[in-house]
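> Quick note, the sequences are listed as chains F and D, same order. So for the first sequence, the numbering used here puts the first residue at 1; every next one is plus one. So for the second sequence, the numbering used here puts the first residue at 1001; every next one is plus one. Ideal Cβ placement from N, Cα and C applies to all residues, glycine included. Small disclaimer: the values here were computed from a predicted structure and weren't measured. My questions all concern the structure below.
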Amino acid sequence: MLEVENVVTRYGAIEALKGVSITVERGEIVTIIGANGAGKSTLLMTICGSPRAASGRIRFDGRDITEMATYDIVRLGISQAPEGRRIFPRMTVLENLMMGAVPTDGAHFEEDLAKVFELFPRLKERQSQRGGTLSGGEQQMLCIGRALMARPRMLLMDEPSLGIAPILVRQIFEAIVAINRERGLPILLVEQNAYQALKIAHRGYVLAGGRVVMRGTGRELLADPEVRAAYLEGGH
Amino acid sequence: MAYFIQQLINGVALGMVYGLIAIGYSMVYGIIGMINFAHGEIYMIGAFVSIIAFTLLGMLGISWAPLALLLVLLVAIAITALYGWTVERIAYRPLRGSFRLAPLISAIGMSIFLQTYVQVTQGAKIKPLQPVVTGGFTFEDASGFTITISWIQILIAVLTLVLMAGFTWVITSTPLGRAQRACEQDLKMAALCGVDVDRTISLTFVIGAALAAVAGLMATLYYGVIDFFIGFLAGVKAFTAAVLGGIGSIPGAMLGGLVLGLAEAFWSGYFSIEYKDVAAFTILVVVLIFLPTGILGRPEVEKV
């Protein structure tokens, strides 16, 4: 459904992605693991056209989206819960969710809102609170909820477990699995918490220095001695 | 006491005009972090369009003041907004993503260009306007001193209040206003939410220019004379008002405008009219030293 083919992304003189190819099929959870600076977040942002790929092609549902504007890509159905959550701090929780619904132009807003509140009841309690006053975990829920409000056909998630209390991490990962199962929504998940990510993923890629250095099913990668040594030892 | 009230009335009318211009500075700064130095010229163009429209209506024989005013208001808003849109499109948008000073320099260039353009096409002489709205209310207090509220002052106040109410509604409760606030808080995330960021920025310039056009029309009616250079001082003062209120804050811009207008009116009334501009800019200096984020501004927080 999503094909990233030989994509190169540059920030000025720095080549952050040096020819990355990945695919995500319908209904899959695909994870990308790798160290800091491996290019994971750059890959997700490049898929959304910000920054644009310097070379290579990105296709979504058969359409070439490499040169498209970010907002057009989002309107085609790719939503992102980005790195650092990027909640609008001076908007209420409800307004943040309204911003998520921009691509649908407000159609079926109430229905989608009810679904998000069902998934994260905490957001319902906090709906008139400002985004900037939420805890890290609540912000992550809001971030995912906002992405879902767009009725995406694919969800990109960047480090949803970062900086969150361990008890909430489990809840977030459970929510990811639930979203994938119940809605059949394909998810491309970037994580530093490689163990958790590989456990729920159908397939995974290991990114290092801007290149894909390994690929396989979640289970294969979990069992791989190199992956274990580099990304899994010393803590789950 | 009567004299005090008179200065208060004059100051509020003047302050509202500054406030309307200041909103344009503040909104643009809020969204793209640049000072649009050509904004004063947009106000000046609003004033010129108004005077030209009045002349044309006079030639057509439309002289009933309420109708003439309404038509001129609509024409001034439409044409000035078009200027605002064009300036952003040709002078700022191509420079987005360039180094931080580039659009600022371009803005100064645009300001000089617009001034010269009006000077060349309209002439350098002062343009007078036949009084359109005359008269007002006069009250006399016990000591025999009179207070006058002119119709123009009432018009300025009513129009500004209506515009502010409408504008506040747009910002707080419409999809466009939400998109503007989203862009102001996180441009990149707004794009990831599917907001057409370029279009939102364009509309911000259009709204700012429309408010400046109203200010231009009001000032033309109030003072009765304009020339190609009025945008400079009005622009610098409105910018001062925006900084005073807290740049980026829209209620702050209106508040800053009022404070500045009152300061100027009282200074002119009690001290010396020649030094009123000195008073205005002294306020700017004092605010920058003791209250750098302005009255309603937020402290600048470093983004992670």
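Output the boundary residues of the beta strand (DSSP E) element that contains Ala16 (chain F).
Counting from 1 along the first sequence, the entry for residue 16 (chain F) is found at position 16. Looking at the DSSP string, the run of the beta strand (DSSP E) that includes Ala16 (chain F) is Ile14 to Val24.
> Do three or more CB pairs link the segment 1082-1096 of chain D to the segment 1034-1042 of chain D at distances below 8 angstroms?
yes
> I'd like to check one pair, Val93 (chain F) with Leu123 (chain F): are the Cβ atoms closer than 7 angstroms?
Along the first sequence, one-based indexing puts residue 123 (chain F) at 123. Along the first sequence, one-based indexing puts residue 93 (chain F) at 93. Contact flag set, yes.
> Taking 7 angstroms as the CB-CB cut-off, is Gln80 (chain F) touching chain D?
Taking the first sequence and counting its residues from 1, one reaches residue 80 (chain F) at position 80. When Cβ-Cβ separations below 7 angstroms define contact, Gln80 (chain F) makes contact with chain D.
> Taking all protein chains shown into account, decide if Ser128 (chain F) is buried (16 or more other Cβ within 10 angstroms of its Cβ) or exposed.
Here residue 128 (chain F) corresponds to residue number 128 of the first sequence, with the count starting at 1. Classification of Ser128 (chain F): exposed, given that the 10 Å Cβ count is below 16.
> Going by C-alpha to C-alpha distance, which of F:Ala197, F:Leu148, F:Thr70 and F:His108 sits closest to Arg170 (chain F)?
As a first step, residue 170 (chain F) is located in the first sequence; it is residue number 170 there, counting from the start. Nearest option by C-alpha distance: F:Ala197.
> By the three-class DSSP mapping on this structure, what secondary structure does Gly56 (chain F) have?
What you label residue 56 (chain F) is simply residue 56 of the first sequence in a count that begins at 1. Of the three classes helix, strand and coil, the one that applies to Gly56 (chain F) here is strand, per DSSP.
> Considering Cα atoms alone, identify which of D:Leu1291, D:Gly1194, D:Thr1200 and D:Leu1203 is closest to Gly1245 (chain D).
Sequence index remark: in the second sequence, residue 1245 (chain D) carries index 245 (1-based). The candidate whose alpha carbon is nearest that of Gly1245 (chain D) is D:Leu1291.
> For a contact meaning CB atoms closer than 7 angstroms, what does Arg1178 (chain D) contact in chain F?
Within the second sequence, numbered from 1, the residue matching residue 1178 (chain D) stands at position 178. Chain F residues near Arg1178 (chain D): Glu95, Met98 and Met99.
> Can you list, in chain order, the residues of its chain whose CB lies under 8 angstroms from that of Met91 (chain F), leaving out five sequence neighbours each side?
Indexing the first sequence from 1 puts residue 91 (chain F) at position 91. Answer for Met91 (chain F): Met99, Arg130 and Gly131, listed in chain order.
> How big is the Cα-Cα spacing for Phe1271 (chain D) and Phe1145 (chain D)?
The residue given as residue 1271 (chain D) occupies position 271 in the second sequence. The residue given as residue 1145 (chain D) occupies position 145 in the second sequence. Spanning the two alpha carbons is a distance of roughly 19 angstroms.
> Under 7 angstroms Cβ-Cβ, which residues of chain F neighbour Ala1253 (chain D)?
The count along the second sequence starts at 1 and reaches residue 1253 (chain D) at position 253. Within chain F, no residue comes near Ala1253 (chain D); the closest Cβ sits about 17 angstroms away, beyond 7 angstroms.
> With 16 other CB atoms within 10 Å as the buried threshold, where does Tyr205 (chain F) fall?
Counted from its first residue, the first sequence places residue 205 (chain F) at position 205. It is buried - the Cβ of Tyr205 (chain F) has at least 16 other Cβ atoms within 10 Å.
> Along the alpha helix (DSSP H) that carries Thr1146 (chain D), what are the first and last residues, could you check?
Locating residue 1146 (chain D) in the second sequence gives position 146, counting from the first residue. Per DSSP, Thr1146 (chain D) belongs to no alpha helix (DSSP H); it is in the beta strand (DSSP E), Thr1146 to Ser1150.
> Taking the C-alpha atoms as reference points, what is the distance between Asn977 (chain D) and Ser1150 (chain D)?
Residue numbering for chain D in the displayed model covers 1001 to 1304; residue 977 (chain D) lies beyond these limits and cannot be assessed.
> Would you mind telling me which residues of chain F sit closer than 7 angstroms to Leu1192 (chain D), beta carbon to beta carbon, in chain order?
Translated into the one-based positions of the second sequence, residue 1192 (chain D) becomes position 192. Residues of chain F passing the Cβ test: Cys48, Thr70, Val74, Gln80 and Pro82.
> Looking at Ile32 (chain F) and Val190 (chain F), is the spacing between their C-beta atoms short of 7 angstroms?
In the first sequence, counting from the first residue as 1, residue 190 (chain F) sits at position 190. In the first sequence, counting from the first residue as 1, residue 32 (chain F) sits at position 32. For Val190 (chain F) and Ile32 (chain F), yes; Cβs fall inside 7 angstroms.
> Nearest to Ala1078 (chain D) by alpha carbon, out of D:Leu1056, D:Tyr1092, D:Ser1050 and D:Asp1196?
Residue 1078 (chain D) sits at position 78 when you count from the first residue of the second sequence. Nearest option by C-alpha distance: D:Ser1050.
> Whole angstroms is fine: what's the gap from Ser161 (chain F)'s alpha carbon to Ala1210 (chain D)'s?
For the purposes of this step, residue 161 (chain F) is taken as the residue at position 161 of the first sequence. For the purposes of this step, residue 1210 (chain D) is taken as the residue at position 210 of the second sequence. As the crow flies, the alpha-carbon of Ser161 (chain F) is around 46 angstroms from that of Ala1210 (chain D).
> Going by C-alpha distance, which of F:Val24, F:Ile78, F:Val213 and F:Arg57 is nearest Leu155 (chain F)?
Taking the first residue of the first sequence as position 1, residue 155 (chain F) is located at position 155. That would be F:Ile78, whose Cα lies nearest to the Cα of Leu155 (chain F).
> For a contact defined as C-beta to C-beta under 8 angstroms, what are the partners of Arg1089 (chain D) on chain F?
For this step, residue 1089 (chain D) is matched to residue 89 along the second sequence. Those within 8 angstroms of Arg1089 (chain D) in chain F number zero; the least Cβ separation is about 16 angstroms.
> Could you tell me whether the Cβ of Gln1122 (chain D) comes closer than 7 angstroms to any Cβ of chain F?
Walking along the second sequence from the start, residue 1122 (chain D) turns up at place 122. No, because no Cβ of chain F sits closer than 7 angstroms to the Cβ of Gln1122 (chain D).
> For a test of the three-state rule: what should DSSP assign to Phe1137 (chain D), helix, strand or coil?
For the purposes of this step, residue 1137 (chain D) is taken as the residue at position 137 of the second sequence. Residue state, collapsed to three classes: strand.
> So what does DSSP say about Arg1178 (chain D), is it helix, strand or coil?
Taking the second sequence and counting its residues from 1, the one referred to as residue 1178 (chain D) is at position 178. Note: Arg1178 (chain D) maps to helix in three-state DSSP.
> Please classify Ile1226 (chain D): does DSSP put it in a helix, a strand, or coil?
Translated into positions along the second sequence, residue 1226 (chain D) becomes position 226. In this structure, Ile1226 (chain D) counts as strand in the three-state DSSP scheme.
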